[in-house]
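The C-terminal residue of the sequence shown carries number 648 in the working numbering, and the numbering is unbroken. Glycine included, C-beta positions come from ideal geometry on N, C-alpha and C. Computed from a prediction, not measured in an experiment: that's the story for all the values here. Notes to accompany the following structure.
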Amino acid sequence: MELHFLGVRGSTPAPGPEYVRYGGNTSCVAVARDGELPSLVLDAGTGARRLAHRFDGQPFSGALLLSHLHWDHTHGLPFARALDNPDASVDLYLPLQLEGPGATMRADDVLGRGMGPPNFPITPEGLRGNWTFNALEPGHHEIAGFEVTAVEVPHKGGRTYGYRVSDGTKTMTYMSDHGPIAVGPGPDGLGERHRAALDLADATDALVHDAQYTLEEFELRSGFGHSTYEYAIDLGLQAGARRVVLFHHDPDRTDDELDRIVAGLQDRHGEQIEIIAATEDLVLRL
Ligand SMILES: [Zn+2]
Ligand SMILES: [Zn+2]
């Protein structure tokens, strides 16, 4: 399995000379079988535009899984030439949303709340190519030939899934936006190592996890629905993950700050687990 990181920033894009090495595009990770083009894409932040480079102008064929509907996970959708393409074939999945007790919403209606006039010129139906829009129930699914487990995780404002993706040989776990403090403080005040998170990350080859805040920042922003570096690494250790990929970098985090933070984390924990900070040109072969 190959993971192509195309956008690794959280919350809002971060262009500018201070952010060049890690990259300023928001969440998008493409998953491929060894030696093949990606057929599964996780989230469609502004990094989704960069899919076009991977596809060399060809259209995408496969599935797009959205973890949730926040702007930083959807704004690349109508600008990704590999997706919005007359010859593309895209099965889009998003977390099933409830409108009231027992009342579920159609996936294209949910997406259309943010994508459509007057907020945006076109609705999801205006995307070119052969699209399907699907509301995904939690549980096990087979999607684009991968085994996919979708589990609800605490975040803020709208239902959010963490995903576990396997090609039958290797496994990756994707928890881009995760606010475990909503479940409880955990042993250190950084959030509960709760069952859903541990199950998703269990013995995974790569835990791609929300690493938005330092400990100092978390004291001020613990209610914003995100995690610290330390939580991401400790969850990986507790779950027996092979490596942790720090992801969803804060938009104010400069390249130099990230270098410093990651070097410190590797000094403290590098003997116990492999720690990588995602960059938007990283290709990880599992
Ligand atoms: Zn996000
Ligand atoms: Zn979010």
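**TYR593 to ASP618 span [Cα, whole Å]** = Along the sequence shown, read from residue 1 onward, the residue named residue 593 stands at position 231. Along the sequence shown, read from residue 1 onward, the residue named residue 618 stands at position 256. When rounded, the distance between both Cα atoms is 22 Å.
**Item:** Buried or exposed by the 16-neighbour rule on C-beta atoms within 10 Å, applied to VAL446
**Value:** Residue mapping note: residue 446 aligns to position 84 of the sequence shown, counting from 1. Reading off the sequence, residue 446 comes out as Asp, not Val. Under this definition ASP446 is a buried residue.
**Prompt:** Could you give the distance in angstroms between the alpha-carbon of GLY488 and the alpha-carbon of PRO479?
**Reply:** In the sequence shown, counting from the first residue as 1, residue 488 sits at position 126. In the sequence shown, counting from the first residue as 1, residue 479 sits at position 117. Each residue's alpha carbon lies about 12 Å from the other.
**Message:** Going by DSSP, what residue range makes up the beta strand (DSSP E) through VAL393?
**Reply:** Taking the sequence shown and counting its residues from 1, one reaches residue 393 at position 31. Counting along the chain, the beta strand (DSSP E) containing VAL393 begins and ends at 390-394.
**Item:** Of the listed residues LEU402, ARG583, ILE638, GLN574, nearest to THR374 (C-alpha basis)
**Value:** Translated into positions along the sequence shown, residue 374 becomes position 12. Answer by Cα proximity: GLN574.
**Message:** Can you check which of these residues, GLU578, TYR525, GLU581, is closest to ALA558 by C-alpha distance?
**Reply:** Locating residue 558 in the sequence shown gives position 196, where the first residue counts as 1. Looking at the Cα atoms, TYR525 is the closest of the given residues.
**Asked** Within the present structure, is the beta-carbon of HIS503 separated from the nearest heavy atom of ligand 2 by less than 6 Å?
**Response** Start at 1 with the first residue of the sequence shown, and residue 503 comes out as number 141. Incorrect: HIS503 has no Cβ contact closer than 6 Å to ligand 2.
**Message:** Can you check which of these residues, LEU560, GLY520, GLY632, MET363, is closest to TRP433 by C-alpha distance?
**Reply:** Walking along the sequence shown from the start, residue 433 turns up at place 71. Residue GLY520 is the option with its Cα nearest to TRP433.
**Message:** Suppose contacts are defined by Cβ-Cβ distances below 7 Å. Is GLY438 in contact with HIS517 by that definition?
**Reply:** Position 76 of the sequence shown, counting from 1, holds the residue named residue 438. Position 155 of the sequence shown, counting from 1, holds the residue named residue 517. It is not a contact, given that the beta carbons lie outside the stated cut-off.
**Request:** Report buried or exposed for ARG622, applying the criterion of at least 16 other Cβ atoms within 10 angstroms of its Cβ.
**Result:** As a first step, residue 622 is located in the sequence shown; it is residue number 260 there, counting from the start. Label assigned to ARG622: exposed.
**Message:** So the candidates are ASN481, GLY598, PRO483; which of them puts its Cα closest to the Cα of HIS571?
**Reply:** Against the sequence shown, residue 571 aligns to sequence position 209. With distances taken between Cα atoms, HIS571 lies closest to GLY598.
**Asked** Using a threshold of 6 Å, is the CB atom of HIS432 nearer than that to any non-hydrogen atom of ligand 2?
**Response** For the purposes of this step, residue 432 is taken as residue 70 along the sequence shown, with counting starting at 1. HIS432: yes, Cβ under 6 Å from ligand 2.
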